[in-house]
Structure formats: C-alpha cells, structure tokens
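A short write-up of the structure that comes next.
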Amino acid sequence: MKKIGVLTRDCAGVNAAIRAVVRSASCYNIETLGILRGYQGLIQGDFKILSRSSVSGIINRGGTILKTARSKEFFTGKGQLKAVMNIKKNKIDGLIIIGGNGSLAGAHILASKYSVPVMGVPATIDNDVNGVGMAIGADTAINVALDALDKIRDTATSLERIFVVEVMGRDCGYIASRVALAGGCEDVILPERHFDIRKMSAEIAEGNRRGKVSWIIVVAEGKAKAGDIAKKIRKNTRLETRELVLGHIQRGGSPSAFDRILAARYATYAVEKLRKGETDKCVTLKNEKLDTLPLAKAIQPKDIEINSYYKLIKILT
Ligand code: F6P
6 MKKIGVLTRD CAGVNAAIRA VVRSASCYNI ETLGILRGYQ GLIQGDFKIL
56 SRSSVSGIIN RGGTILKTAR SKEFFTGKGQ LKAVMNIKKN KIDGLIIIGG
106 NGSLAGAHIL ASKYSVPVMG VPATIDNDVN GVGMAIGADT AINVALDALD
156 KIRDTATSLE RIFVVEVMGR DCGYIASRVA LAGGCEDVIL PERHFDIRKM
206 SAEIAEGNRR GKVSWIIVVA EGKAKAGDIA KKIRKNTRLE TRELVLGHIQ
256 RGGSPSAFDR ILAARYATYA VEKLRKGETD KCVTLKNEKL DTLPLAKAIQ
306 PKDIEINSYY KLIKILT
C-alpha cells in the first residue's frame, strides 16, 4: 500500500483523527491524500497531499481541515462511478472514511459494490453508530451542552423560571439523556420514550406549589421542538417558560481529551487494519480493546441504553 485517501464529516476530534491517519501512515511510508468536501470532493477529484507537517497544530481544532459537504450525487450510480474513477486515476490504494452513519453508508457502498478497500472511523456527536460504544465527537458535544446548561441554570434559579433546552442527536436520545443526567435536569424528552406533556405540566405545577420554582427540561431534537414544548407548558401551567435551541455549537469547539485520545487510537488502528488488507469494516472498542466490525452492521439502527438513564434522572431530581 503506497497511497491512501482520507475523507471526513465534521465534529470535534476529526482533525485529531486526520493527524493520526497521516502520521501513522507515514510511518509505513504511505502517502495520504486529503479528500476535500467529503464525497463531493471524491466525485470532483478535489484532493490535496497531506504531509506530517501539514497536520501540525490541528489536534485541538474543531471542525475538519478538509471541509465537508452533504453529497446527494454520491448516492447515485453516476456519482459513485465518478468517485471510483478518481480513486483509480489518483492511484489511491485504500480509503479511511471518518464520520457518522451517512459517511459509513457511503464507505460500505464503495467497499461492497466497487471493491475499494475502505476502513471507517466512527465520528458523530449523535453517537448512533451500531456496535460502537463511543464515536469521536460525542463526548465533546455532551460537555459543550453541559456547559450551556450550567449557565442556563444560573438564570433559571435566579429568575425562578422553567427552561426547555433542545439538543441535537438526530433520531437518537444519546446526547439528551446523558446531558440531562450530568446537568441535574428535572426531565428529558427522548425519541426512544413516550412522553405525556399534560403529566409533565401537572408535575411542574405541583412542584411549583411545593416551592420548586425552577426547572430545566432537555428535549432531543428527534422527538420535539423546544418552542412547542415550552408553549404547551406555559399554557398548561401559566408559569414563565423559556426555550433555547443549542444547535450546532454542540458539533464544534476544541475536542475533549477523551475525543483526542479516541481519535488517535481509532485512526491509527484503522490505518493498520487497512494496510493489512481488512476492508468494509469500521473500528470500535470492545472492552477497552480496539477491534473492527463490518460496516454492514455498523450502519444498522443502534439500540442505545436509555431507560436506566431516565430512571436515574427522575430518582435524582
Ligand atoms: O449528525 C450530526 C448532526 O449534527 C445531527 O445531530 C443534526 O441533526 C444534523 O447533524 C444537522 O445537520 P446539518 O448540519 O446538515 O444541519
């Protein structure tokens, strides 16, 4: 193996992973080509050589130095053929694809349909890659959201208000459940659980009568909108209720130590496995040990542990 390509989505820790790919590949005299703007760059042949020195000073930076884009074209036969042609034309012997479900689904197409050697590296704040305990970026996203929640609590307590805070996560309640527990929040609305707004409003009103005057309710974007929930609570309780959408701040920022370490371990292992001929797989940790799993499995829906977290949130409120 002489040359590999690296293609990414964006979240905190992705740059640390790019750095690890380039530097570990160079230890085996493998050259790395950075593919700009994700699958769109692969289709357009938008590549740049990444040297050891070109990835210095990026371990602490959020986003992706390669930039990224959503590519509808890649999910057409024509787009895929263009991508494969560019891989051949540029003599790329294998690809490391760093991203979430969409990126890994693309990786699976390249490997299974076109026999391109591919290793995936899970990186998504949603942490919804099946068979992968932790994806790069999820830890930072939780900490960013937690920092915001702590600040909101200052105002919620001082002004005796109710806040409904919407967090990202696509269809998965991972961020919402973990942040609600870490932030000592009063309740959480999750895609994986049924919720009853009347029951919640009654609990808030009852709490208010007992003297519990400030609440923070986390809502996962995959279940409801913070504005709608706040409106209903206001209507049902007549208490002052504000909404806040945290949005993309959760995806950016300097990666936590956990994400940098994970990025270093995942990316280096992915290069080693690709070099040894493994393909159509993505890296993961099993009992703290690095391992791989088939991409076909990784892109299936993930069953995340929610109920025990929800129970804890309610016990500790
Ligand atoms: O998958 C990561 C994620 O940030 C989700 O949490 C969110 O639903 C989505 O991407 C937002 O996508 P975009 O950046 O295209 O608006």
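Each number in my numbering corresponds to the 1-based position in the sequence shown with 5 added. All C-beta atoms in this analysis are idealised placements derived from N, C-alpha and C, irrespective of residue type, glycine included.
Start-to-end residues for the beta strand (DSSP E) that takes in residue i
i	result
F168	167-172
M90	Premise fails: M90 lies in the alpha helix (DSSP H), 82-94, not in any beta strand (DSSP E).
I9	8-13
A225	220-225
L38	36-40
R247	246-250
V193	192-194
Element boundaries [alpha helix (DSSP H), containing residue i]
i	result
R265	262-280
E211	202-215
K53	No alpha helix (DSSP H) holds K53; the beta strand (DSSP E) holding it covers 52-55.
CB-CB length for residue i against residue j, believed under 8 Å
i	j	result
I141	D15	11 Å between Cβ atoms; not a contact.
M222	D192	According to the sequence provided, residue 222 is Ile. The question's Met does not apply to it. Yes, I222 and D192 are in contact; Cβ-Cβ is about 5 Å, under 8 Å.
I311	G189	That belief does not hold up - the Cβ atoms of I311 and G189 are roughly 18 Å apart, past 8 Å.
A303	V137	7 Å
N132	A150	Actually they do not touch by this definition, with Cβ atoms about 13 Å apart.
M139	L267	6 Å
E248	A235	4 Å
L71	L47	Their Cβ separation, rounded to whole angstroms, is 11 Å, which puts L71 and L47 out of contact at 8 Å.
D285	S117	6 Å
S261	G67	With a Cβ gap of about 11 Å, S261 and G67 do not count as contacting.
V169	I180	No, V169 and I180 are not in contact; Cβ-Cβ is about 15 Å, not under 8 Å.
V26	A272	5 Å
beta-carbon residue i near the ligand F6P non-hydrogen atom, thresh 7 Å
i	result
R75	yes
D144	no
V293	At residue 293 the sequence reads Glu, which differs from the Val that was named. Incorrect: E293 has no Cβ contact closer than 7 Å to the ligand F6P.
D264	no
C129	In the sequence under discussion, the amino acid at residue 129 is Thr, which differs from the Cys named in the question. Yes, the Cβ of T129 comes within 7 Å of a heavy atom of the ligand F6P.
R175	yes
H113	no
H253	yes
E310	no
G105	yes
E226	yes
Closer than 8 Å to chain D by CB, residue i
i	result
F263	Structure shown: chain D not included; a single protein chain is present.
Distance cut-off 7 Å: residue i Cβ against heavy atoms of the ligand SAH
i	result
G257	Questions concerning the ligand SAH fall outside what the structure shown contains, since the ligands it does hold are the ligand F6P.
### Task
Just list the beta strand (DSSP E) runs in the region 286-311, keeping only unbroken ones of 3 residues or longer that don't cross its boundaries, in chain order.
286-291, 294-299
### Message
To test your reading of the DSSP string, which unbroken alpha helix (DSSP H) runs of 4 or more residues are found completely within the region 124-174?
### Response
143-164
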